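Add 1 to the 1-based position in the sequence shown for our numbering, that's all there is to it.
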Amino acid sequence: MPHVRHYHPSDRDALYDVCLRTGADGDDATDRYHDPRLLGSVFVGPYLEFHPDLAWVVDNDGTAAGYILCAPDTRAFEAQCEREWWPELRRRYPLGSFPATSTDEEVVGLIHAPPTALPETVTSFPAHLHIDLVPEVQGLHLGGALVAKLLDALTARGSIGVHLGVSTANIRAIGFYKHLGFDELAHDDTTTTMGKRLNLT
Ligand SMILES: CC(C)(COP(=O)(O)OP(=O)(O)OC[C@H]1O[C@@H](n2cnc3c(N)ncnc32)[C@H](O)[C@@H]1OP(=O)(O)O)[C@@H](O)C(=O)NCCC(=O)NCCS
């Protein structure tokens with residue numbers, strides 16, 4: 002039976018794979034990328050490295066098939082990535098590593114100029130999360146269970162709020178977050194930002 006458990010370092014490669022298999026607005030992005038590890042290097046790796054205590058996975062017969070990852074302090078995380086994560090990736094993937102119009106090169110662009118969260122978002126929602134489950138384990142209440150684990154942990158730490166960015170095209174995930182009590186904070190054609198306050202008094 003698929004179930005939720007804490008992340009273990011041996012899950013790393015499987016989680017990079019989950020990221021790729023859900024990287025096209027929630028659908029499989031395998032055909033979009035020449036380098037299968039690129040997306041995971043940006044959206045999974047630094048969270049596992051810096052905050053493994055806030056990482057849970059869906060274990061499906063011993064293989065990690067989904068994850069929730071979190072940075073509890075987005076500004077501190079951005080600064081730590083700038084010091085300890087991006088430099089090595091920038092060496093490995095210099096600008097121009099892939100054809101200019103390729104999706105791989107778009108991600109290389111993010112590595113060299115990572116976007117930062119809006120000030121008004123981090124003030125009220127300092128933590129941020131990423132969640133992805135492969136299709137085999139979707140719709141089984143496991144995504145909800147992963148979010149519950151994380152919100153409990155953040156609440157216990159005294160966090161005042163958590164936000165996330167979701168592709169505006171990913172209607173299903175936006176419905177999921179709204180169902181779990183997240184509000185829409187901002188949106189444009191590409192990205193919708195959602196947030197949930199914690200430790201309300
Ligand atoms: C989006 C995703 C995380 C949801 O996880 P899941 O395990 O499929 O969802 P769950 O089964 O845990 O759903 C939890 C609750 O949300 C509800 N829900 C799920 N999707 C919903 C939707 N689109 N609209 C309204 N409610 C929804 C479920 O009915 C369930 O409600 P209940 O517990 O009250 O019965 C998962 O489908 C996924 O990883 N999709 C692909 C990758 C992705 O889009 N990631 C998000 C990127 S920001």
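Idealized CB from N, CA, C, for every residue including glycine.
Fair warning: this is a prediction, and the values are worked out from it, not measured in the lab.
Candidates the options: which alpha carbon is nearest residue i's?
i	options	result
Asp54	Gly162, Val19, Arg158, Thr31	Arg158
Leu143	Asp184, Tyr68, Arg13	Tyr68
His188	Leu147, Ala118, Leu49	Ala118
Glu227	Arg33, Arg198, Arg84	Absent from the structure is residue 227, since the part of the chain shown begins at 2 and ends at 202.
Leu70	Pro136, Asn200, Gly41	Gly41
Phe78	Val43, Pro3, Ala101	Val43
Ser125	Leu199, Leu49, Arg6	Leu199
Trp87	Ser168, Thr104, Gly110, Thr202	Gly110
Taking 7 Å as the cut-off, is the C-beta of residue i nearer than that to any heavy atom in ligand 1?
i	result
Leu134	yes
Leu39	no
His142	yes
Asn200	no
Val167	yes
Thr23	yes
His164	no
Measure the Cβ-Cβ separation of residue i and residue j and say whether it is below 8 Å.
i	j	result
Arg91	His113	yes
Gly176	Thr192	no
If you measure from the CB of residue i, is any heavy atom of ligand 2 nearer than 7 Å?
i	result
Gly196	In the structure shown, ligand 2 is absent; the only ligands present are ligand 1.
Going by DSSP, what residues sit across from residue i in a beta bridge?
i	result
His4	Asp60
Lys197	Val163
His188	Thr193
Checklist entry - At which residue ranges does the segment 98-164 contain complete alpha helix (DSSP H) runs of 4 or more residues, listed in the order of the chain? => result 104-113, 120-125, 143-157
Item to check | Ranges of the alpha helix (DSSP H) found wholly within the segment 17-99, counting only runs of at least 4 | outcome: 39-44, 46-51, 75-85, 87-93
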